[in-house]
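Data block below; observations after.
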Amino acid sequence: LFLFFLYNMFTIKLVRFDSYSYGTFGRLYVPVGDSFVTFYTLEPSKPIIKTGTYPVTLTYSPKFGRKLPLINNVVGHSGVRIHSGNTKLDTIGCILIGSDREKNHLVSSRIALSKFLSLVTFPCTLKVTRASEGGLPPE
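Residue numbers (the numbering used here): 210 to 348.
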C-alpha cells in the first residue's frame, strides 16, 4: 500500500553534477505546471544519499526547531533533511539548498528554502540521479 502512494505523489528531482573536496553540487527541480523551478544544492563530497527514489515527509526537527523535509529510507542513516546552509560546514549528510551557487558555496539559502517549502506538497517523492547518467529533466 505504501508503494502505491509513493508512486502517486508529487515528485522532485535532484541531479548531481559536480563533486569537489568541498562538496557535491546539484540542482533540485520542482515541477510547477509545465515547467520547473530550479534550486542549487550542496551535499558532502561523498553523499550519503545513494541514487534512487525516496519518500519525503515534512516533520519537526528538534535540531532546527521547525518543520523541515525529512528524506526517509536512507540506508544506514536517519534524520537526513533538506535545509538551508551555504558550505560543507553546514551539513554532515543533509542536502543544503540555495538560490544560486558561487565557486565553493551556495547563496541565499534561507530564501531558497522558504520558496521550496511554499512550492512542494508533502508527502512527496525525491528522485536522486547524476547528470552523467542522463538525469537532467526536460528543459
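Quick reminder that beta carbons are idealized off the backbone N, C-alpha and C, glycines included.
Other residues of its chain near T300: CB distance less than 6 Å, five sequence neighbours each side excluded: On the sequence shown, position 91 is the one that residue 300 refers to. Excluding positions up to five away in sequence, the list reads G294.
Boundaries (first-last residue) of the alpha helix (DSSP H) holding S318: In the sequence shown, the residue the question calls residue 318 occupies position 109. Here the alpha helix (DSSP H) through S318 covers S318 to L328.
Residues near G261 in its chain [Cβ-Cβ closer than 7 Å; skip 5 each side]: To locate residue 261, count along the sequence shown from 1; it is residue 52. Answer for G261: V337, listed in chain order.
Whole-angstrom C-beta distance between L335 and L251, which should lie under 8 Å: For the purposes of this step, residue 251 is taken as residue 42 along the sequence shown, with counting starting at 1. For the purposes of this step, residue 335 is taken as residue 126 along the sequence shown, with counting starting at 1. No, L251 and L335 are not in contact; Cβ-Cβ is about 16 Å, not under 8 Å.
CB of K312 within 8 Å of CB of P253, strictly: For the purposes of this step, residue 312 is identified with residue 103 of the sequence shown, where counting begins at 1. For the purposes of this step, residue 253 is identified with residue 44 of the sequence shown, where counting begins at 1. Not a contact, by the Cβ cut-off of 8 Å.
Bounding residues of the beta strand (DSSP E) (the contiguous stretch that carries S270): Start at 1 with the first residue of the sequence shown, and residue 270 comes out as number 61. Its beta strand (DSSP E) spans residues G261 to S270.
Status (buried if at least 16 other CB within 10 Å, exposed otherwise) for R236: Along the sequence shown, one-based indexing puts residue 236 at 27. Buried, since its Cβ has 16 or more Cβ neighbours within 10 Å.
Identity of the residue in L328, K272 and N281 nearest V239 by Cα: As a position in the sequence shown, residue 239 is number 30, starting the count at 1. Taking each of L328, K272 and N281 in turn and checking the Cα distance to V239, the smallest one comes out for L328.
Reduced DSSP category for S287 - H, G, I as helix; E, B as strand; rest coil: The residue given as residue 287 occupies position 78 in the sequence shown. S287: coil per DSSP, three-state reduction.
Enclosing beta strand (DSSP E) for F226 [first to last residue]: Stepping through the sequence shown from its first residue, residue 226 is reached at position 17. From DSSP, the beta strand (DSSP E) with F226 extends over F219 to Y229.
DSSP three-state assignment for D243, whether helix, strand or coil: Within the sequence shown, numbered from 1, the residue matching residue 243 stands at position 34. Correct three-state label for D243: coil.
Proximity below 8 Å, CB of C303 to CB of V284: The sequence position of residue 303 within the sequence shown is 94, counting from 1. The sequence position of residue 284 within the sequence shown is 75, counting from 1. Contact flag unset, no.
Exposure of V241, with buried meaning 16 or more beta-carbon neighbours within 10 Å: Looking up residue 241 in the sequence shown gives position 32. Burial state of V241 is exposed, judged by a 10 Å Cβ sphere holding fewer than 16 other Cβ atoms.
Which listed residue (L326, R225, S287 and F234) has its alpha carbon closest to that of E342: The count along the sequence shown starts at 1 and reaches residue 342 at position 133. Distances from the CA of E342 to each of L326, R225, S287 and F234 were compared; the closest alpha carbon is that of R225.
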